[in-house]
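*Asks:*
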Amino acid sequence: MARTHWTISLIAGLGLAAGVSPLASVSAAAAGGGEGGTLTISDAQFLWSCGFSPYNPQSNFLSVGVIYETLMFVNTLQNAKVTPWLATSYAWSDDNKVLTFTIRKGVKWTDGQPLTAADIVFTFNLLKKFPALDLNTVWAALSSVAQKGDDQVVMTFNAPSVPYFYYIADQVGIVPEHIWANVKNPVTYADAKPVGTGPFTIERCTPQNVSYVKNPDYWQPGLPKISRIEYPAFTTNPPANAILSTGGAQWGGQFIPNLKAEYLSKSRDNHYWFPPVVNVAIFINQTNPLLKDVAVRRAMAFAIDRGRVAEIGEYGYEPAANQAGIVTPTFASWLDAAELKAAGYTYDPKKAIAILEQAGYKRGPDGVFASPSGKRLSFTIINQSAYTDWVAALQVVSQELAQAGIELHVQNLAGDDYSAKLYNGNFDLAYAYESGGPTPYYEFRQWLYGPASAPIGKSAATNWERYSNKETDALIERYAQTTSASEQQEIMNKLENVLLQDVPLIPVTEQVDWDEYSTGEFVGWPTPADPYAQPFGGYTFPDWEIVVLRLQKK
Amino acid sequence: MRYVLRRLGFFVATLWTAMTVNFFLPRLMPGNPAIAMMARFHGKLNGQALRAMEVAFGVNAQESLLAQYFAYLRNSAVGHFGTSLTFFPQPVSGVVLGALPWTLGLVGVTTVIAFFLGTLIGMVGAWERGGWFDSILPPVFIVLSAFPYFWIALVSILIFSISLGWLPLGFAYTNGARISLSWPFIGDVLVHAILPGVTIVITSIGGWILTMRNNMIMTLAEDYVRMARAKGLSPLRIMIDYAGRNAILPNLSGFGMSLGFVVSGAILVEYVFSYPGVGYMMLQAVLNEDYPLMQTLFLIITLAVLLAILAVDAITVLLDPRTAAAS
Numbered sequence: 002m003a004r005t006h007w008t009i010s011l012i013a014g015l016g017l018a019a020g021v022s023p024l025a026s027v028s029a030a031a032a033g034g035g036e037g038g039t040l041t042i043s044d045a046q047f048l049w050s051c052g053f054s055p056y057n058p059q060s061n062f063l064s065v066g067v068i069y070e071t072l073m074f075v076n077t078l079q080n081a082k083v084t085p086w087l088a089t090s091y092a093w094s095d096d097n098k099v100l101t102f103t104i105r106k107g108v109k110w111t112d113g114q115p116l117t118a119a120d121i122v123f124t125f126n127l128l129k130k131f132p133a134l135d136l137n138t139v140w141a142a143l144s145s146v147a148q149k150g151d152d153q154v155v156m157t158f159n160a161p162s163v164p165y166f167y168y169i170a171d172q173v174g175i176v177p178e179h180i181w182a183n184v185k186n187p188v189t190y191a192d193a194k195p196v197g198t199g200p201f202t203i204e205r206c207t208p209q210n211v212s213y214v215k216n217p218d219y220w221q222p223g224l225p226k227i228s229r230i231e232y233p234a235f236t237t238n239p240p241a242n243a244i245l246s247t248g249g250a251q252w253g254g255q256f257i258p259n260l261k262a263e264y265l266s267k268s269r270d271n272h273y274w275f276p277p278v279v280n281v282a283i284f285i286n287q288t289n290p291l292l293k294d295v296a297v298r299r300a301m302a303f304a305i306d307r308g309r310v311a312e313i314g315e316y317g318y319e320p321a322a323n324q325a326g327i328v329t330p331t332f333a334s335w336l337d338a339a340e341l342k343a344a345g346y347t348y349d350p351k352k353a354i355a356i357l358e359q360a361g362y363k364r365g366p367d368g369v370f371a372s373p374s375g376k377r378l379s380f381t382i383i384n385q386s387a388y389t390d391w392v393a394a395l396q397v398v399s400q401e402l403a404q405a406g407i408e409l410h411v412q413n414l415a416g417d418d419y420s421a422k423l424y425n426g427n428f429d430l431a432y433a434y435e436s437g438g439p440t441p442y443y444e445f446r447q448w449l450y451g452p453a454s455a456p457i458g459k460s461a462a463t464n465w466e467r468y469s470n471k472e473t474d475a476l477i478e479r480y481a482q483t484t485s486a487s488e489q490q491e492i493m494n495k496l497e498n499v500l501l502q503d504v505p506l507i508p509v510t511e512q513v514d515w516d517e518y519s520t521g522e523f524v525g526w527p528t529p530a531d532p533y534a535q536p537f538g539g540y541t542f543p544d545w546e547i548v549v550l551r552l553q554k555k
Numbered sequence: 007m008r009y010v011l012r013r014l015g016f017f018v019a020t021l022w023t024a025m026t027v028n029f030f031l032p033r034l035m036p037g038n039p040a041i042a043m044m045a046r047f048h049g050k051l052n053g054q055a056l057r058a059m060e061v062a063f064g065v066n067a068q069e070s071l072l073a074q075y076f077a078y079l080r081n082s083a084v085g086h087f088g089t090s091l092t093f094f095p096q097p098v099s100g101v102v103l104g105a106l107p108w109t110l111g112l113v114g115v116t117t118v119i120a121f122f123l124g125t126l127i128g129m130v131g132a133w134e135r136g137g138w139f140d141s142i143l144p145p146v147f148i149v150l151s152a153f154p155y156f157w158i159a160l161v162s163i164l165i166f167s168i169s170l171g172w173l174p175l176g177f178a179y180t181n182g183a184r185i186s187l188s189w190p191f192i193g194d195v196l197v198h199a200i201l202p203g204v205t206i207v208i209t210s211i212g213g214w215i216l217t218m219r220n221n222m223i224m225t226l227a228e229d230y231v232r233m234a235r236a237k238g239l240s241p242l243r244i245m246i247d248y249a250g251r252n253a254i255l256p257n258l259s260g261f262g263m264s265l266g267f268v269v270s271g272a273i274l275v276e277y278v279f280s281y282p283g284v285g286y287m288m289l290q291a292v293l294n295e296d297y298p299l300m301q302t303l304f305l306i307i308t309l310a311v312l313l314a315i316l317a318v319d320a321i322t323v324l325l326d327p328r329t330a331a332a333s
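The listed protein sequences correspond, in order, to chains U and S. In my numbering, each residue carries its 1-based index in the first sequence increased by 1. In my numbering, each residue carries its 1-based index in the second sequence increased by 6.
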């Protein structure tokens with residue numbers, strides 16, 4: 002089975018928060034341009050359940066944004082740039098503990114009722130009442146949500162929680178109180194006929210296909226320009242690739258192994274853009290007695306030729322990562338290039354050997370180093386067997402580590418077996434990536450924040466390598482208390498330094514958004530020159546709403 | 007009567023064993039449904055969603071395995087199959103009923119066609135053995151059935167859908183079509199069924215031909231066939247009523263078994279052609295550790311196979327009374 006990557010939809014931002022002009026244009030609805038047309042999206046690996054609950058992780062990407070809109074849109078690819086959406090503005094209190102949204106007037110649900118501040122208050126209190134719906138655990142930080150005046154919603158936090166802005170404003174689809182208040186059990190509510198504020202509604206759904214049709218009364222005048230979206234459920238990649246390359250579908254988000262021959266050569270209108278968003282890294286179990294020694298971890302970081310892994314394992318479509326953990330070029334402005342250069346982590350197997358020898362390790366007759374107490378540096382790395390590119394990448398890694406006297410066994414496992422081991426910490430090394438966010442901070446918090454981890458044998462939601470350092474935790478907490486860009490940058494530099502000095506994990510390649518699109522029928526796609534939203538067709542929400550609003554007939 | 011009772015006893019014992027295995031085997035898999043869901047959406051879901059899903063799926067509910075087992079037996083008996091986790095929050099019964107007609111239609115019809123066609127070819131081939139018919143058709147189909155199914159399917163997609171563009175490359179009907187009992191929709195479904203249907207038939211027909219042809223050659227050497235010829239009966243009547251009727255018996259039990267297995271779908275067929283049937287659903291259920299859906303599908307398969315065997319036993323007794331007498 003070829004692999005599809007579900008990268009990152011959960012991205013976005015704080016950072017440059019401060020003030021957003023209420024008059025900022027909501028989306029670049031170019032004047033003129035052709036209307037109509039049916040957009041077909043090609044990619045999926047399962048049959049549809051035809052439920053559209055925005056709080057069901059299996060179907061929320063079908064509805065959040067395009068049907069159930071969010072308060073704001075936070076763009077990962079433009080340094081967490083905020084665009085007002087259902088809320089026209091927001092403001093943090095001076096102590097960053099109270100967040101106030103002003104709700105847009107004149108927005109209607111598709112059943113004709115107006116959107117009110119009460120709907121937003123209801124939505125968030127629904128997540129409080131039913132923790133199974135709270136996919137981003139926003140109520141871990143919130144203490145209350147209440148209406149103020151006619152059109153304002155006030156969110157009060159237990160502690161300063163600036164990064165939560167992204168989860169609250171960009172990831173929670175707002176639902177109508179007049180419908181959801183009557184739902185007996187929202188956890189098991191399928192929501193087959195969703196009523197939202199978004200530019201599209203569900204026309205019909207079968208397990209094989211979802212048909213969206215445009216909402217004629219959408220609150221942004223003149224939008225959307227395309228009139229229908231078809232989202233078929235492919236069970237396997239080859240037919241999805243075939244439909245995409247022959248123009249039967251115009252937008253895809255799948256990995257196509259031989260992109261040039263299989264896709265680009267079929268039409269001059271076929272294009273791709275693979276922007277990187279998070280790191281694929283080797284997570285190092287911090288409780289392993291041999292891997293506890295930072296010398297071993299540093300030696301491994303020197304012994305891996307990231308460029309070669311990217312070239313062979315990922316066909317060059319995924320760039321090599323850096324040890325500072327900042328995804329470039331997406332988040333290049335956050336990178337402390339001087340520190341990275343000083344730390345020197347370029348491919349250097351001799352240096353790796355020198356580090357180990359200096360730390361008292363001795364090479365045995367089989368060429369593998371052993372610790373002073375005689376334990377061989379032989380490790381097992383767990384990997385997803387379905388990701389054929391990762392299997393190839395780890396073959397390269399194990400050859401390279403062998404040259405530096407470290408033995409690596411690659412264990413390619415089925416998805417659930419792999420995940421169970423990963424979350425429970427039953428591994429020496431693990432090849433994996435986190436979901437990230439609109440600034441590098443989110444990925445660092447997921448990697449390093451101690452309290453979010455769990456003891457070995459208990460499932461940890463994040464921080465799978467069980468890294469624990471009080472100073473790092475304090476840095477991560479301090480970041481959450483500030484909206485100052487310079488202070489955030491200063492903290493991020495220190496966190497990058499943790500990665501460089503302590504090597505709790507080794508970033509190897511950068512996970513990208515797979516995005517193939519055809520300009521034969523529709524134009525207005527996100528490109529490197531205009532990265533107005535994440536392009537991963539049909540999965541990254543609410544970004545794909547932003548994209549379909551920009552698209553128009555050629 | 008004793009014969010029937012003994013068959014029924016066997017039926018109940020087998021059913022219970024199969025249901026017990028259905029229950030315990032999936033639970034030996036590592037992980038739990040929430041972790042399987044995180045694996046499916048790896049990187050797409052915030053790690054915190056794990057906690058939300060554990061609550062929604064009731065993963066940490068403290069109930070002993072034995073208590074769950076008896077609840078499962080009780081619920082199965084009264085037809086309560088619970089909520090699917092892969093297609094959460096749809097009820098299992100709805101999910102299965104939505105997929106079953108597609109599988110029954112495609113795999114059921116093609117199994118019947120393959121059986122009748124294969125039996126006919128085997129019978130005629132044996133009757134005229136050595137002739138041109140016998141030298142061409144049986145060998146061709148037997149060679150075809152030796153190919154891996156997915157290879158034949160992918161090659162035919164490549165030729166008839168991608169290169170020639172004659173037939174759709176997958177799905178059960180045109181995307182966006184409204185499901186209805188109208189002629190245009192039925193025609194659409196039939197067009198979509200040609201490629202998967204024909205590939206199933208040409209890859210499965212070889213087995214029927216081979217057994218039928220061999221049995222037929224044996225029966226043609228029997229004394230009663232020679233007797234029939236001597237009586238001057240028409241060749242058609244000898245072929246069908248005398249030789250064919252006896253030669254078909256072993257094929258018939260095989261046919262019953264495969265009818266039972268129709269409800270398990272054809273995983274490869276549905277996978278390659280993105281056909282929204284039960285086989286693909288079963289694959290998803292296993293991958294996602296969807297215990298309720300898995301149990302229901304396995305229960306249906308077990309029941310169908312056992313009922314088919316029961317029915318074949320009955321038909322065999324009618325066609326060949328010796329079976330009952332001897333037992």
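Every residue gets a Cβ at the ideal spot worked out from N, C-alpha and C, and that includes glycine. Source: prediction; values computed, not measured.
Quick check on U/LEU260 - is its C-beta less than 8 Å from some C-beta in chain S?
*Replies:* As a position in the first sequence, residue 260 of chain U is number 259, starting the count at 1. False, the Cβ-Cβ gap to chain S never drops below 8 Å.
*Asks:* Which residues bound the alpha helix (DSSP H) around U/ARG299?
*Replies:* Taking the first sequence and counting its residues from 1, one reaches residue 299 of chain U at position 298. 295-304 is the span of the alpha helix (DSSP H), which, as asked, contains U/ARG299.
*Asks:* For S/PRO298, collect the residues of the same chain with a Cβ closer than 8 Å to its Cβ; drop the 5 residues on either side in sequence, then sort them by chain order.
*Replies:* Your numbering for residue 298 of chain S matches position 292 in the second sequence. Within the same chain, S/PRO298 has close Cβ partners PHE87, GLY88, THR89, SER90, LEU91 and VAL98.
*Asks:* Would S/PHE177 count as contacting chain U if we go by Cβ distances under 8 Å?
*Replies:* What you label residue 177 of chain S is simply residue 171 of the second sequence in a count that begins at 1. Taking Cβ atoms only, chain U reaches closer than 8 Å to S/PHE177, which makes this a yes.
*Asks:* List the residues that DSSP assigns as beta-bridge partners of U/ILE285.
*Replies:* Taking the first residue of the first sequence as 1, we reach residue 285 of chain U at position 284. Its beta-bridge partners are U/LEU430.
*Asks:* Ignoring anything shorter than 4 residues or poking outside the region 88-161 of chain U, list the alpha helix (DSSP H) runs there in chain order.
*Replies:* If we require 4 residues or more, the alpha helix (DSSP H) runs fully inside the region 88-161 of chain U come out as 118-130.
*Asks:* So, under 8 Å CB-CB, U/MET301 and U/LEU402 are touching, yes? Tell me the CB distance rounded to an integer number of Å.
*Replies:* As a working mapping, residue 301 of chain U is identified with position 300 in the first sequence. As a working mapping, residue 402 of chain U is identified with position 401 in the first sequence. With a Cβ gap of about 6 Å, U/MET301 and U/LEU402 count as contacting.
*Asks:* Given S/SER82, which residues of its chain have a CB within under 7 Å of its CB, disregarding the five upstream and five downstream residues?
*Replies:* For the purposes of this step, residue 82 of chain S is taken as the residue at position 76 of the second sequence. The residues are MET25 and LEU305.
*Asks:* Buried or exposed for U/ALA29, going by 16 or more other Cβ atoms inside 10 Å?
*Replies:* Translated into the one-based positions of the first sequence, residue 29 of chain U becomes position 28. Summary for U/ALA29: the model assigns pLDDT 44, below 50, so the residue's position carries little reliability, and this model does not support an answer.
*Asks:* Give the straight-line distance between the Cα atoms of U/PHE125 and U/VAL176, rounded to the nearest whole angstrom.
*Replies:* Here residue 125 of chain U refers to the residue found at position 124 of the first sequence. Here residue 176 of chain U refers to the residue found at position 175 of the first sequence. Roughly 10 Å between the two C-alpha positions.
*Asks:* Determine the burial state of S/MET300: buried for a count of at least 16 other Cβ atoms within 10 Å of its Cβ, exposed for fewer.
*Replies:* In the second sequence, residue 300 of chain S corresponds to position 294, counting from 1. The residue is buried, with at least 16 neighbouring Cβ atoms inside 10 Å.
*Asks:* Kindly indicate which residue of U/GLN209, U/ASN384 and U/VAL281 has the alpha-carbon position closest to the one of U/ASP429.
*Replies:* Here residue 429 of chain U refers to the residue found at position 428 of the first sequence. The residue with the shortest Cα to Cα distance from U/ASP429 is U/ASN384.
*Asks:* Quick one: complete beta strand (DSSP E) runs, 3+ long, within the region 417-503 of chain U?
*Replies:* The qualifying runs are 430-433.
*Asks:* Does U/GLY539 come within less than 8 Å of chain S when only Cβ atoms are used?
*Replies:* As a first step, residue 539 of chain U is located in the first sequence; it is residue number 538 there, counting from the start. Not one chain S Cβ lies under 8 Å of U/GLY539.
*Asks:* List, in chain order, every chain U residue whose beta-carbon is nearer than 9 Å to that of S/GLY53.
*Replies:* Residue numbering aside, residue 53 of chain S sits at position 47 when the second sequence is read from its first letter. Ordered by position in chain U, the residues that pass the 9 Å Cβ test against S/GLY53 are TYR424, GLU435, SER436, GLN447, ALA453, ALA461, ALA462, THR463, ASN464 and TRP465.
*Asks:* Are the region 276-284 of chain U and the region 474-484 of chain U touching, with three or more C-beta to C-beta distances below 8 Å?
*Replies:* Contact between the region 276-284 of chain U and the region 474-484 of chain U is absent, because fewer than three Cβ pairs lie under 8 Å.
*Asks:* From the DSSP output, in three-state form, read off S/GLY100 for me.
*Replies:* As a position in the second sequence, residue 100 of chain S is number 94, starting the count at 1. Of the three classes helix, strand and coil, the one that applies to S/GLY100 here is helix, per DSSP.
*Asks:* Assuming contact is defined by CB atoms lying nearer than 8 Å, are S/LEU211 and S/PHE147 in contact in what I supplied?
*Replies:* Here residue 211 of chain S corresponds to residue number 205 of the second sequence, with the count starting at 1. Here residue 147 of chain S corresponds to residue number 141 of the second sequence, with the count starting at 1. Per the sequence shown, residue 211 of chain S should be read as Ile rather than Leu. Their beta carbons are under 8 Å apart, which means S/ILE211 touches S/PHE147 by this criterion.
*Asks:* Between S/MET218 and U/HIS272, what straight-line distance do the alpha-carbon atoms span, to the nearest angstrom?
*Replies:* Mapped onto the second sequence, residue 218 of chain S falls at position 212. Mapped onto the first sequence, residue 272 of chain U falls at position 271. Answer to the nearest angstrom: the Cα atoms are 55 Å apart.
*Asks:* Would you identify the three-state DSSP class for U/THR71, choosing helix, strand or coil?
*Replies:* Here the question's residue 71 of chain U lines up with position 70 in the first sequence. Of the three classes helix, strand and coil, the one that applies to U/THR71 here is coil, per DSSP.
*Asks:* Less than 8 Å between the beta carbons of U/TYR232 and U/VAL211, yes or no?
*Replies:* For this step, residue 232 of chain U is matched to residue 231 along the first sequence. For this step, residue 211 of chain U is matched to residue 210 along the first sequence. Taking 8 Å as the Cβ cut-off, U/TYR232 and U/VAL211 qualify as a contacting pair.
*Asks:* Shorter than 8 Å from the beta carbon of U/SER268 to some beta carbon of chain S?
*Replies:* On the first sequence, residue 268 of chain U is found 267 positions in, with the first residue counted as 1. False, the Cβ-Cβ gap to chain S never drops below 8 Å.
*Asks:* Specify the secondary structure class of U/ALA530 as computed by DSSP and reduced to three states.
*Replies:* On the first sequence, residue 530 of chain U is found 529 positions in, with the first residue counted as 1. In the structure shown, U/ALA530 sits in coil (DSSP, three-state: anything other than H, G, I, E or B).
*Asks:* Scan the region 215-288 of chain U and note each continuous alpha helix (DSSP H) run of 4 residues or more that stays entirely inside, going in chain order.
*Replies:* Fully enclosed alpha helix (DSSP H) runs of 4 or longer: 238-246 and 260-263.
*Asks:* Is there contact here, the region 319-337 of chain U with the region 515-527 of chain U, by at least three beta-carbon pairs under 8 Å?
*Replies:* No, because fewer than three Cβ pairs between the region 319-337 of chain U and the region 515-527 of chain U fall closer than 8 Å, the two stretches do not touch.
*Asks:* State the DSSP-derived secondary structure class of U/GLN512, mapped to helix, strand or coil.
*Replies:* Your numbering for residue 512 of chain U matches position 511 in the first sequence. Strand at U/GLN512.
*Asks:* If you reduce the DSSP assignment to three classes, tell me which class U/TYR518 lands in.
*Replies:* On the first sequence, residue 518 of chain U is found 517 positions in, with the first residue counted as 1. Looking at U/TYR518 - three-state DSSP - the assignment turns out to be strand.
*Asks:* So S/ALA303 is in the alpha helix (DSSP H); what residue range does that whole segment cover?
*Replies:* The count along the second sequence starts at 1 and reaches residue 303 of chain S at position 297. Looking at the sequence shown, residue 303 of chain S is not Ala but Leu. Where S/LEU303 is concerned, the enclosing alpha helix (DSSP H) stretches over 297-325.
*Asks:* Return the residues of the region 75-90 of chain S that lie within a Cβ-Cβ distance of less than 7 Å from chain U, sorted by chain order.
*Replies:* Here the close residues are THR89.
*Asks:* Spatial neighbours of U/THR247 within its chain, please: C-beta separation below 7 Å, excluding the five flanking residues on both sides.
*Replies:* Translated into the one-based positions of the first sequence, residue 247 of chain U becomes position 246. So the list reads LYS267, once near-sequence residues are dropped.
*Asks:* Which same chain residues end up closer than 6 Å to U/PHE123 when comparing Cβ atoms and leaving out the 5 residues on each side of it in sequence?
*Replies:* Reading the first sequence from its first residue, position 122 is the one you call residue 123 of chain U. GLU178, listed in sequence order.
*Asks:* Taking the C-alpha atoms as reference points, what is the distance between U/ALA32 and U/ALA353?
*Replies:* Numbered from 1 along the first sequence, position 31 holds the residue referred to as residue 32 of chain U. Numbered from 1 along the first sequence, position 352 holds the residue referred to as residue 353 of chain U. For U/ALA32, the predicted structure reports a pLDDT of 44, less than 50, and the residue's modelled location is therefore unreliable. The matter cannot be settled from this model.
*Asks:* According to DSSP, is S/ILE254 part of a helix, a strand, or is it coil?
*Replies:* Position 248 of the second sequence, counted from the start, is the residue given in the question as residue 254 of chain S. Correct three-state label for S/ILE254: helix.
*Asks:* For U/VAL310, which of helix, strand or coil comes out of DSSP?
*Replies:* Against the first sequence, residue 310 of chain U aligns to sequence position 309. Here U/VAL310 sits in helix by DSSP.
*Asks:* Which of the three DSSP states, helix, strand or coil, is assigned to U/GLN553?
*Replies:* Position 552 of the first sequence, counted from the start, is the residue given in the question as residue 553 of chain U. U/GLN553: strand per DSSP, three-state reduction.
*Asks:* Taking U/PHE201 as part of the beta strand (DSSP E), name the residues at either end of that continuous run.
*Replies:* The residue given as residue 201 of chain U occupies position 200 in the first sequence. From DSSP, the beta strand (DSSP E) with U/PHE201 extends over 201-207.
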